[in-house]
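Below is one structure, written out as structure tokens, with a few remarks after it.
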Ligand SMILES: Cc1cc2nc3c(=O)[nH]c(=O)nc-3n(C[C@H](O)[C@H](O)[C@H](O)COP(=O)(O)OP(=O)(O)OC[C@H]3O[C@@H](n4cnc5c(N)ncnc54)[C@H](O)[C@@H]3O)c2cc1C
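As structure tokens, this is what we get:
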């Protein structure tokens, strides 16, 4: 097969670039060695945000761009992206109040065209936000940002890429490629069968996340390349700590910011850490020391004390950041770089370094701009306004969708309508089409998952394993009992 573009990596950057390229009429092949969002892109803090703390490093362009993207993602994926109030308790010994106020003023100003409200300061004694906190915390600030289902954002970008003609191959490893004049000859291996095939492409995008250097030097034979720094970040999920939809941002004694965010109704998500990752990238898990650190941050701020045995789930991911020489891992720039290697007369490869979930869309746009001189005149940029699958909700009013589902499928309860609307948006109607009663959904696998949904995930979203179904395409794993997981495993194996 021959393609215009071969995209390596089914994280947010690969999926976003494949979607953009397919929508401009390019023939695209996206290969992912594991599953969509199997690595960093399902292990984030799940924020679509400007990055308040980047102001400390005066990364104004990054913050401004991220705030613009926050608005765009809210518009194109109102089912996945949720507005949320963030409460920042003030600790005088860490940062002076004027610095926090100035930071928030700048944040509001940089996001001045936002539909989200401005920040404010207040005393906890007269605010419900103070109720769960330690009494020593007396003042705070609140601002608005967004949260997102990170792995579903990846999956829906890949889905849109496929619906626009792109080819998406999960469980397919990019083995190597060599230049043949203005084309690449690439070897792709099906990890399940071991079978390899050869494809040609006019350009390659290396969006292999933590593996970008390995792909560039080891598989594309490129010399040099930018220095990368790998930094692991971990999160814990504990039973819900407090009432309300708002999140907290704690400045810990080491000056790091740690987020405490309501998660799926019954839980609270806490993170992240920043731990240097030596050696080759691979599957990342949380260390006991990180769990203790995160429990300590929570116990420092909340009346309720949290210990490692409270942890219900944890996850960790590796950031591949540009090595800017910063001493602390948390201080390394989160900005992205797109490195084009295009010797005269030879096929180009573009490598994505760094970046954020929040800015994936604009990064994809910039990637295609960089490739345009090599691919010929492209159709104009289009992803800023086109909804992701299921995001075509009238007026972007997500709150109207769950009751609408309830009217169409009256056997679903409110919680089920909400969960399905959040995950699939208007596509939930397509999934449920023709069902008249609960019995039509088939057997249950726990966490609200039914056979109908599992079939949809397999048929429409490339889900293959129990891990995919329970932790990436859904979060039913938080509720599913061992015997339900076992039943799901045998169902998927059939
Ligand atoms: C702890 C943490 C918290 C974060 N929080 C936020 C946040 O709240 N908000 C935000 O905006 N950003 C956040 N980020 C940043 C964001 O998550 C990352 O920038 C983003 O997910 C990186 O996506 P990616 O596609 O580059 O990499 P990945 O998601 O890692 O995808 C790369 C993919 O390439 C595949 N691959 C590698 N080699 C090959 C090969 N040879 N063949 C085929 N496939 C291959 C891998 O299997 C992998 O799936 C966070 C990051 C971390 C680590």
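Numbering (this note's numbering), first residue to last: 26 to 519. Beta carbons: idealized from backbone N, C-alpha and C, even for Gly.
| Item | Value |
| --- | --- |
| At which residue ranges does the region 119-202 contain complete alpha helix (DSSP H) runs of 4 or more residues, listed in the order of the chain? | 122-135, 175-188 |
| Can you determine whether any heavy atom of ligand 1 sits closer than 7 Å to the C-beta of residue 487, and answer yes or no? | no |
| Please list the segments of the beta strand (DSSP E) lying wholly inside the region 330-402, counting only runs of 3 or more residues, in order along the chain. | 338-347, 361-366, 374-379 |
| With a threshold of 16 other CB atoms inside 10 Å of the CB of residue 290, please say whether the residue is buried or exposed. | exposed |
| As a quick exercise: from 395, 144, 81, pick the residue whose alpha carbon is nearest that of residue 124. | 81 |
| Taking the CB atoms as reference points, tell me whether residue 342 and residue 195 lie closer together than 8 Å. | no |
| Within its chain, find whatever has a CB closer than 6 Å to the CB of residue 126; leave out the 5 residues flanking it on each side and keep chain order. | none |
| Taking a contact to mean a Cβ-Cβ separation below 8 Å, would you say residue 33 touches residue 240 in this structure? | yes |
| Could you pull out every residue in the same chain whose Cβ sits closer than 8 Å to the Cβ of residue 490, ignoring the five residues on either side in sequence? | 60, 517 |
| Compare the Cα-Cα distances from residue 335 to each of 317, 348, 349 and report the closest residue. | 317 |
| Buried or exposed for residue 85, please, with buried defined as at least 16 other CB atoms from any protein chain shown within 10 angstroms of its CB. | exposed |
| What I want to know is whether the C-beta of residue 142 ends up closer than 7 Å to one or more non-hydrogen atoms of ligand 1. | no |
| Short of 8 Å in beta carbon distance, which residues of its chain neighbour residue 264, apart from the five on each side in sequence? Order them along the chain. | 291, 292, 293, 335, 337 |
| Grab me the residues of residue 230's own chain with a C-beta within less than 6 Å of its C-beta, minus the 5 sequence neighbours each way, in chain order. | 32, 42, 375 |
| On the DSSP bridge assignment, give the partners of residue 64 in chain order. | According to DSSP, residue 64 bridges with nothing at all. |
| Bridge partners of residue 212, per DSSP? | 201, 223 |
| Using the beta-carbon count (16 or more within 10 Å), is residue 57 buried or exposed? | buried |
| So, helix, strand or coil for residue 29, using DSSP? | strand |
| Among residues of its own chain, excluding the 5 on either side of residue 425, which ones have a beta-carbon nearer than 8 Å to its beta-carbon? | 418, 419 |
| Could you check the C-alpha separation between residue 113 and residue 148 for me, to the nearest Å? | 11 Å |
| Would you give the residue range spanned by the beta strand (DSSP E) that residue 418 belongs to? | Residue 418 -> no beta strand (DSSP E), and no H or E assigned at all. |
| I need the DSSP call for residue 259, collapsed to helix, strand or coil. | strand |
| Following the continuous alpha helix (DSSP H) through residue 283, name the residue where it begins and the one where it ends. | No alpha helix (DSSP H) contains residue 283, which is instead part of the beta strand (DSSP E) from 282-288. |
| Nearest CA to the CA of residue 348: which residue from 286, 253, 269? | 253 |
| In terms of residue numbering, what span does the beta strand (DSSP E) encompassing residue 272 cover? | 272-276 |
| Out of curiosity, what's the CA-to-CA distance linking residue 486 and residue 184? | 7 Å |
| What do you get for residue 166, buried or exposed, if any count of 16 or more other CB atoms within 10 angstroms of its CB means buried? | buried |
| Quick check on residue 303: does DSSP put it in helix, strand or coil? | coil |
| Using a Cβ-based criterion (distance less than 7 Å to any ligand heavy atom), does residue 236 qualify as near ligand 1? | yes |
| Out of curiosity, what's the CA-to-CA distance linking residue 521 and residue 313? | It is not possible to answer for residue 521, since the shown part of the chain is limited to 26 through 519. |
| Between residue 509 and residue 310, what straight-line distance do the alpha-carbon atoms span, to the nearest angstrom? | 24 Å |
| Quick one: grab the DSSP three-state call for residue 293. | strand |
| For residue 311, which of helix, strand or coil comes out of DSSP? | coil |
| Rounded to whole angstroms, what's the CA-CA distance from residue 370 to residue 109? Just pull it up for me. | 50 Å |
| Please state the DSSP three-state secondary structure of residue 245. | coil |
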